[in-house]
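Enquirer:
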Amino acid sequence: MNPEFAIELLRNMIFTALLLAAPVLLAAMLVGLAVSLFQAVTIHEHTLTFVPKALAVVGVLLLLLPWMVRTLVDFATAVIERIPEMTL
Numbered sequence: 011m012n013p014e015f016a017i018e019l020l021r022n023m024i025f026t027a028l029l030l031a032a033p034v035l036l037a038a039m040l041v042g043l044a045v046s047l048f049q050a051v052t053i054h055e056h057t058l059t060f061v062p063k064a065l066a067v068v069g070v071l072l073l074l075l076p077w078m079v080r081t082l083v084d085f086a087t088a089v090i091e092r093i094p095e096m097t098l
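In the working numbering, the protein residues as written are 11 to 98.
Shown next, in the form of structure tokens:
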């Protein structure tokens with residue numbers, strides 16, 4: 011395996027990981043921001059922040075799970091197909 015191939019493989023792996031993590035992290039961030047604004051205007055309950063974020067993350071995961079699995083399978087298939095190139 012030459013260095014260019016390894017760098018390309020790592021780049022694709024990091025891009026895929028970011029692509030899969032971004033929707034979940036974005037949902038948690040937006041819900042956290044909304045809850046923080048709500049708390050700034052009304053009450054300051056610390057336990058209020060966890061439940062909406064958890065529900066948003068679970069909702070996004072349930073909604074996007076088929077796409078995430080398909081993306082992971084495509085990535086794994088691409089890596090497996092390139093195994094012969096790794097031995098050179």
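All C-beta atoms, glycine included, are put in the ideal place defined by N, C-alpha and C.
1) Please report the straight-line C-alpha distance between L30 and T81, rounded to a whole angstrom.
2) How long is the line joining the alpha carbons of T87 and I93, rounded to whole angstroms?
3) From which residue to which residue does the alpha helix (DSSP H) around R80 run?
4) Less than 7 Å separating the beta-carbons of V61 and V34?
5) Could you round the C-beta distance between A37 and V89 to whole angstroms and report it? I think they count as a contact, below 8 Å.
6) What residues in its chain sit with their C-beta under 6 Å from that of V41, if we drop five residues either side in the sequence?
7) In this structure, how does DSSP classify I24 when only helix, strand and coil are distinguished?
8) Going by beta-carbon coordinates alone, are M96 and M23 separated by less than 7 Å?
9) So with Cβ pairs under 7 Å, would you call L35 a contact of chain C?
Expert: Reading from the atomic positions:
1) 8 Å
2) 10 Å
3) F60 to E91
4) no
5) Contact flag wrong, Cβ pair sits at about 28 Å.
6) P62, K63 and A66
7) helix
8) Going by C-beta atoms, M96 is not nearer than 7 Å to M23.
9) This model lacks chain C altogether, as it is built from one protein chain only.
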